[in-house]
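Chemist: Residues in the sequence shown are numbered from 1045 upward in steps of one, following this note's numbering. We treat Cβ as the ideally placed atom computed from N, Cα and C, and that holds for glycine. Every value quoted in this text rests on a predicted model; they were computed, and no experiment measured them. Got a structure for you, written out below as structure tokens; questions coming shortly.
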Amino acid sequence: MDTSFERSELTKVEWLTPPELVRKLGLFDLDPCSPVNAPFLHAINNYTIEDNGLTKVWEGRVYCTPPYGKDMTLWLSKLKKHGNGIALTFARTETKCFFENIWDNADAILFVKGRIKFYHVSGIQGASAGAPSVFIAYGKMNADALKNSGIEGRYLDLKL
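Here's what the structure looks like:
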């Protein structure tokens, strides 16, 4: 079973955040990146690849683990414009995507201590990710949720 997060022709772009981490962040209204046959859900309402969440209206508090790949910036841009939610991505702090959507636009970030063990869409937890992860909060309520989540890591307020 492939559990690699490194780039290759076979790299998967759909990984699921461990549900215990999302529960620490509170209740979410929408997950626009939910798998088709989700083994568990992170929000009340869910869009799958069949719904194309990028083309849908986002309402309420959003939890988004964008597909890890070239289109990640589209998802982060939409969440940035929506202004109410939390995303989880790899902590690629030097990238154009990070600068355009996070450093100057997010309210807070939480660098996760260690590597997250994401789940396959089968519901089986994989090996540790190939890179560190960061939660990104848009909106003060979501920044507070990150700060008070109890998730181990380093919290940074970006709207000082």
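Determine the contact status of A1152 and Y1199, defining contact as a CB-CB distance below 9 Å.
Modeler: Cβ atoms of A1152 and Y1199: closer than 9 Å.
Chemist: Which runs of the beta strand (DSSP E) spanning at least 3 residues fall entirely within the stretch 1062-1115, listed in chain order?
Modeler: Secondary structure in the stretch 1062-1115: the beta strand (DSSP E) runs of 3 residues or longer, each lying completely within the stretch, are 1106-1108 in chain order.
Chemist: At the level of alpha carbons, what is the spacing between K1124 and V1066?
Modeler: Their Cα atoms are separated by approximately 19 Å.
Chemist: I'd like the span of the beta strand (DSSP E) that includes T1200, first residue to last.
Modeler: What sits at residue 1200 in the sequence shown is Leu, not Thr. Counting along the chain, the beta strand (DSSP E) containing L1200 begins and ends at 1197-1201.
Chemist: With burial defined as no fewer than 16 other Cβ atoms inside 10 Å of the residue's Cβ, what is the status of M1045: buried or exposed?
Modeler: With a pLDDT of 33 at M1045, under the threshold of 50, the modelled position of this residue cannot be trusted, and the question is left open.
Chemist: Please state the DSSP three-state secondary structure of A1189.
Modeler: helix
Chemist: Would you report the Cα separation of E1094 and P1079, rounded to the nearest angstrom?
Modeler: 9 Å
Chemist: Does A1171 pass the burial test, meaning 16 or more other C-beta atoms within 10 Å, or should it be called exposed?
Modeler: exposed
Chemist: Going by Cα to Cα distance, which pick from P1110, A1150, L1085, I1088 is closest to V1098?
Modeler: Rather than Val, the amino acid found at residue 1098 in this sequence is Leu. The shortest CA-to-CA distance from L1098 to any of P1110, A1150, L1085, I1088 is the one to P1110.
Chemist: Does the Cβ-Cβ distance between V1106 and F1162 come in under 9 Å?
Modeler: no
Chemist: Can you give the Cα-Cα distance for K1157 and G1194, rounded to whole angstroms?
Modeler: 11 Å
Chemist: Report the option in H1086, E1144, A1087, T1133 whose CA atom is closest to the CA atom of I1180.
Modeler: T1133
Chemist: Note down, in chain order, each residue of its chain lying with its Cβ closer than 6 Å to the Cβ of D1188, except the 5 sequence neighbours on either side.
Modeler: none
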